[in-house]
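Chemist:
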Amino acid sequence: AEFKEEIRELKKLEFLPVAERKFFGDARGRNLIIIQVESMQSFPIGLEVGGQEVMPHLNNMLGGSFYFPDTAQQTGPGNTSDAEFIVNTSLYPLAFNPTSQTYGNKKFPSLPRLLNNLDYSTMTFHADDVEFWNRDELYPALGFSEYYHGQFFGEEDVIGIGPSDEVMFQKALPVLQEQTAQGKAFYAHLVGLTSHHPFKLPADKKELQLPAHFDNSLTGDYLISMHYTDRVIHDFIEQLKAEGIYDNSVIAIYGDHFGLQQSAISENDVDLVSELLGHEYKTLDRLNVPFVVHAPGITDQGETFEGTSGQLDIMPTLANMLGIPLDDQIIFGQDLLNHDSNLLGARYYMPAGSFWNDEILFMPEKGFEDGNAYDLETEAPLEDFSRFKEDYDRILKLESLSDAYLESLPER
Ligand code: GP9
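Okay, structure coming up:
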C-alpha cells in the first residue's frame, strides 16, 4: 500500500473510474499474442529505400492498429531478457545486473499471473537455449504456465544464435491451435531471435534489394533483417487468420532494444542511417522502439499516439483493453489509452537519472545542473532546463522504489 501511494503521487496521474476508461475491457476474454522483435527500432517503419518499403506489412497493419512510435527503450544490462521482464511486470529492471539473474528466484506480480487467474494458458516461446539470460528461472518467476525453448524448435533453419523466427512461429502455431481447440484463451509471448546483431541472413532469405552503397554494411544487413522479420510476422498473422484465431485476439508487437548503437557502429554506418533518416542519427532515433496494438474490430480505425511512451507502459495498456484493472497492482508504467502525460526513466544505457517527460529527454552528467536536456521533437539542446529538476528528483525516487519493491518480493 505504501509503495502504491507513493508511486501514484510521484507519477501525478489522475485515474478515472474503471467504467469511464477508454477501451476498458473491449478485448475482454480474447487471446493475447505479444511479439517481441529482436533489435527493432522505430525508424525502419514507414521507411522506403530504393523505392522499396523496408517493413511493408507492418506499415500496412498500422492503418488498423494503435501505434506508439516513440516508445522509449528501458532495458538494462539484461537486454532482451530485461525487455521480457519489463513487458510482463511494468517494473524497472535493475540498473547494473540482469534482473533475470539477480531475482530469478523471486515471484514477480505479472501479466501471466493476472491471466492465469482468469484461466488463460500463459506461455512464452524463444528459440535460444533457456539457460541464456537465466530464462529457466525468469519464466517461472514471471509465472508463465509453459515455456518453449531450444530443443522444442529442433535443428532446422538455424540462423545466427538459433532456429529462425519462421521456425519459431511455425512451431508455436499448433500449440495455439490446441488451446483454441480446447476452448481455452491463451497469452503467448513470442520472443524473436533472427534479427540479432550482426543481422546476417542466408542469401536465399535476403529479399530486400538495396542500393549498392549499402552492400556489406551493418546498416544494409539490419534493413534486410527487418524486412525478413516483417515478412515472417505477416505470414504468422495470415496463419492465425486461416486458423480462426486472429479475430479473437489482441496482437501486440514491439522492439526489445536498439540494433544500431551510434557509438558502436562504424562512421560509414552512422552516415548511412543519417541518410535514411534525412538528419543526423540522434539519441532518440536509437532509443525509440515501436509499439503496435492490433485488435480486429477494436483498433480498425487506426491511430498514432505521438506522446511519450515506454516499454513499462505496454502491460498496463494491454491490461486495460483486456478488462484487467491494475489499480491494486504495483506498476511503474501507465495505460497509454487513458493518460496523456508521462515521465519515464532509463538506466544502464543512459546515465542514472535520465528521463523522458512530455517535453524533453534529459541526461545528467555528475548531477542535474551539469546535465543535458534535449527537445523531444527536434533534439535541440535546451539552455535553461532548471524547471525540470523536480522531474529528475521524481524519476530517481521512482527507480529506487522499483528496486526496493523488487527486493521486497517473496521467493518462489
Ligand atoms: C539471447 C537473445 C538475444 O537468447 O534473446 O539477447 P540479446 O543479446 O539481444 O540480449
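For the sequence shown, my numbering assigns the number 11 to the initial residue and increments by one for each residue that follows. Where is the CB? At the ideal position from N, CA and C, for every residue including glycine.
Can the beta-carbon of Pro-300 be found closer than 8 Å to that of Ile-55?
Modeler: For Pro-300 and Ile-55, yes; Cβs fall inside 8 Å.
Chemist: Work out the CA separation of Thr-190 and Gly-74 for me, nearest whole Å.
Modeler: Cα-Cα distance, rounded: 24 Å.
Chemist: Hey, Ala-195 and Asn-70: beta-carbon distance below 8 Å or not?
Modeler: Going by C-beta atoms, Ala-195 is not nearer than 8 Å to Asn-70.
Chemist: Can you find the residues in the same chain that come closer than 7 Å, C-beta to C-beta, to Tyr-291, ignoring five residues on each side of it along the sequence?
Modeler: Excluding positions up to five away in sequence, the list reads Gln-272, Val-280, Val-283 and Ser-284.
Chemist: So, Ser-205 versus Met-50, is the Cβ gap smaller than 8 Å?
Modeler: It is a contact, given that the beta carbons lie within the stated cut-off.
Chemist: What residue range does the beta strand (DSSP E) around Met-133 cover?
Modeler: 131 to 136 is the extent of the beta strand (DSSP E) around Met-133.
Chemist: Starting from Ala-198, follow its DSSP beta bridges and name the residues at the other end.
Modeler: Ile-43 and Met-133, per the DSSP bridge assignment.
Chemist: Could you check what DSSP says for Leu-392 in three-state terms: helix, strand or coil?
Modeler: Coil, per DSSP.
Chemist: Residues in its own chain within less than 7 Å of Glu-409 by CB, not counting five upstream and five downstream?
Modeler: Contacts found: Tyr-102, Gly-355 and Arg-357.
Chemist: Please report the Cβ distance between Asn-98 and Leu-152, rounded to the nearest whole angstrom; I am assuming they are in contact, meaning their Cβ atoms lie under 8 Å.
Modeler: Their Cβ separation, rounded to whole angstroms, is 5 Å, which keeps Asn-98 and Leu-152 in contact under 8 Å.
Chemist: Does Gln-249 come out as helix, strand or coil in the three-state DSSP assignment?
Modeler: Three-state DSSP puts Gln-249 in a helix.
Chemist: Give me, in chain order, the residues of the same chain whose beta-carbon lies closer than 6 Å to that of Leu-125; leave out the 5 immediate sequence neighbours on both sides.
Modeler: Excluding sequence neighbours, Leu-125 sits near Thr-132 and Tyr-197.
Chemist: Measuring only from the beta carbon, is Phe-135 closer than 7 Å to any heavy atom that is part of the ligand GP9?
Modeler: Result no, Cβ not under 7 Å from the ligand GP9.
Chemist: By the 10 Å Cβ neighbour count, where 16 or more other Cβ atoms means buried, how is Thr-388 classified, buried or exposed?
Modeler: Burial call: exposed.
Chemist: For the beta strand (DSSP E) that contains Val-140, what are its first and last residues?
Modeler: Val-140 -> no beta strand (DSSP E), and no H or E assigned at all.
Chemist: Using a Cβ-based criterion (distance less than 7 Å to any ligand heavy atom), does His-206 qualify as near the ligand GP9?
Modeler: Flag set: Cβ of His-206 near the ligand GP9.
Chemist: Whose CA, out of Ser-276, Val-28, His-223 and Phe-13, lies closest to the CA of Leu-347?
Modeler: Comparing Cα-Cα distances from Leu-347 to each of Ser-276, Val-28, His-223 and Phe-13, the minimum goes to Val-28.
Chemist: What did DSSP end up calling Lys-14 once you bin it into helix, strand or coil?
Modeler: If DSSP states are grouped into helix, strand and coil, Lys-14 belongs with the helices.
Chemist: Could you tell me whether any non-hydrogen atom of the ligand HEM is closer than 7 Å to the CB of Asp-146?
Modeler: This structure lacks the ligand HEM; the ligands present are the ligand GP9.
Chemist: How about the stretch 333 to 341 and the stretch 77 to 95: do they share at least three Cβ pairs that are nearer than 8 Å?
Modeler: At 8 Å Cβ cutoff, the stretches do not touch.
Chemist: Would you mind working out which of Gly-39, Thr-293, Glu-12 and Ala-82 sits nearest Thr-318, comparing C-alpha positions?
Modeler: Checking every option, the nearest Cα to that of Thr-318 belongs to Ala-82.
Chemist: Give me, in chain order, the residues of the same chain whose beta-carbon lies closer than 7 Å to that of Gln-62; leave out the 5 immediate sequence neighbours on both sides.
Modeler: For Gln-62, where only same-chain residues beyond five positions count, the Cβ hits under 7 Å are Leu-218 and Gln-219.
Chemist: Apart from the five residues on each side of it in sequence, which residues of its chain come closer than 6 Å, Cβ to Cβ, to His-136?
Modeler: Taken in chain order, the residues that qualify are His-159 and Val-201.
Chemist: Check for me: the alpha helix (DSSP H) holding Tyr-402 runs from which residue to which?
Modeler: Run containing Tyr-402: 399 to 418, per the alpha helix (DSSP H) assignment.
Chemist: Taking the continuous alpha helix (DSSP H) assigned at Glu-176, which residues delimit it?
Modeler: 175 to 191 is the span of the alpha helix (DSSP H), which, as asked, contains Glu-176.
Chemist: Quick check: what's the CA-CA separation for Asp-146 versus Val-140?
Modeler: Computed Cα separation, rounded: 5 Å.
Chemist: According to the Cβ coordinates, are Arg-241 and His-67 closer than 8 Å?
Modeler: Yes; because the gap between Cβ atoms is below 8 Å, this pair is in contact.
Chemist: Would you identify the three-state DSSP class for Lys-22, choosing helix, strand or coil?
Modeler: Reduced to three states, the DSSP call for Lys-22 is coil.
Chemist: I think Ala-37 touches Ile-308, with their Cβ atoms under 8 Å apart; what is that distance to the nearest whole Å?
Modeler: So it is a contact: roughly 6 Å between Cβ atoms.
Chemist: Identify, in the order they occur along the chain, each residue of the same chain with its Cβ nearer than 6 Å to the Cβ of Lys-8, setting aside the five sequence neighbours on each side.
Modeler: Residue numbering for the chain in the displayed model covers 11 to 422; residue 8 lies beyond these limits and cannot be assessed.
Chemist: Can you list, in chain order, the residues of its chain with a C-beta nearer than 6 Å to that of Leu-406? Leave out the 5 residues immediately preceding and following it.
Modeler: Excluding residues within five positions, the ones whose Cβ falls inside 6 Å are Gly-363.
Chemist: Hey, out of Val-64, Asn-382, Pro-122 and Ile-45, whose CA is closest to Phe-53's CA?
Modeler: Comparing Cα positions, the closest option is Val-64.
Chemist: Give every residue of the same chain whose Cβ lies closer than 7 Å to the Cβ of Ser-412, excluding the five residues on either side of it in the sequence, and list them in chain order.
Modeler: So the list reads Leu-101, Tyr-102 and Phe-342, once near-sequence residues are dropped.
Chemist: Assign Gly-265 to one of two classes, buried (16 or more other C-beta atoms within 10 Å of its C-beta) or exposed (fewer than that).
Modeler: Its Cβ being crowded by 16 or more others within 10 Å, Gly-265 is buried.
Chemist: Kindly indicate which three-state DSSP category Glu-30 falls into: helix, strand or coil?
Modeler: It is helical.
Chemist: Using alpha carbons as the reference points, say which of Thr-109, Thr-314, Ser-120 and Lys-376 lies closest to Ile-334.
Modeler: Nearest of Thr-109, Thr-314, Ser-120 and Lys-376 to Ile-334, Cα basis: Ser-120.
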